[in-house]
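Engineer: Quick note on our numbering: the sequence shown kicks off at 2 and runs consecutively. Every residue gets a Cβ at the ideal spot worked out from N, C-alpha and C, and that includes glycine. Only a predicted model underlies this, so the values are computations on that prediction, with no experimental measurement involved.
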Amino acid sequence: MQNNPFTGALSTLEMRAQATVPDPTTPPSREFHDEHYGVSFTVPVAWELTRKDSSVSTFNLDARSALRSTRMRAVATIDFNPHPTSTFSGALFYFSVTPDISAAQCSTQATKLSPRRNGTATIDGVTFEHGYDQHGVICTEARDEIFTAMRGNACYRFDMVINTYCGGDVSGVRDITPDELNSVRNRMKAILDSVRFDADRASR
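(1) Using a 10 Å radius around the Cβ and a threshold of 16 neighbouring Cβ atoms, would you call P23 buried or exposed?
(2) Could you tell me the distance, in whole angstroms, from the CA atom of N61 to the CA atom of T26?
(3) To the nearest angstrom, report how far apart D134 and P29 are at their CA atoms.
(4) If you reduce the DSSP assignment to three classes, tell me which class A211 lands in.
(5) At 4 residues or longer, what runs of the alpha helix (DSSP H) sit wholly inside the region 144-195?
(6) Are the region 137-157 and the region 43-55 in contact at 8 Å, needing three or more beta carbon pairs?
(7) Give a yes or no on contact between the region 63-76 and the region 46-55, applying the rule of three or more CB pairs nearer than 8 Å.
(8) Quick one: Cα of P85 to Cα of S103, how far?
(9) Since N61 is in the alpha helix (DSSP H), which residue starts that stretch and which ends it?
(10) Apart from the five residues just before and just after R118, which ones in its own chain have a Cβ nearer than 6 Å to its Cβ?
(11) Just how far apart, CA to CA, sit R197 and R152?
(12) Classify A150 as buried or exposed, calling it buried when 16 or more other Cβ atoms lie within 10 Å of its own Cβ.
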């Protein structure tokens with residue numbers, strides 16, 4: 002049985018379509034440190050950092066289970082598209098704090114009905130509740146991985162958000178693949194793994 006030359010050509014085109022682009026070299030990597038709450042993490046190369054919501058993000062839309070009293074402290078956003086031929090539209094790493102709530106209220110942010118519970122995760126020696134939320138109208142347009150834990154009398158929260166838009170028949174753009182989604186998640190997981198807590202701010 003002879004190989005179909007058109008099948009081979011299509012496979013090559015698909016591989017090119019799914020190829021990633023090189024990471025930019027600016028802005029450079031830098032450290033974020035929240036002196037009030039004693040949290041630091043590394044912002045990767047080619048990511049932007051801001052402490053103000055709405056300038057590059059919409060925290061309340063991305064972190065749907067956060068309480069009204071939750072205060073966004075920082076958000077790191079990817080400054081380029083690693084998968085430009087796909088439906089990828091953005092990645093955001095949030096750090097937020099909800100002061101003066103109970104441990105149950107803190108845990109619920111990651112485990113309530115809408116998000117799905119994934120168990121627990123350890124961040125710099127601290128055990129966090131780990132949950133997951135996704136939503137969209139026609140397709141899945143937002144995926145949020147949620148981590149919450151009490152430190153002192155405040156609930157510390159990290160969100161890893163991946164935003165996409167509808168492809169296929171809706172926009173004609175190729176849907177992002179599971180491998181591409183995972184590669185974006187791994188970029189944010191590296192930020193999460195860099196999180197450190199100041200020992201003098203709260204008891205572990």
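Structural biologist: By the coordinates alone:
(1) exposed
(2) 31 Å
(3) 31 Å
(4) In this structure the chain extends from 2 to 205, so residue 211 is not present and cannot be described.
(5) 179-194
(6) no
(7) yes
(8) 43 Å
(9) 60-63
(10) T112, G132
(11) 13 Å
(12) buried
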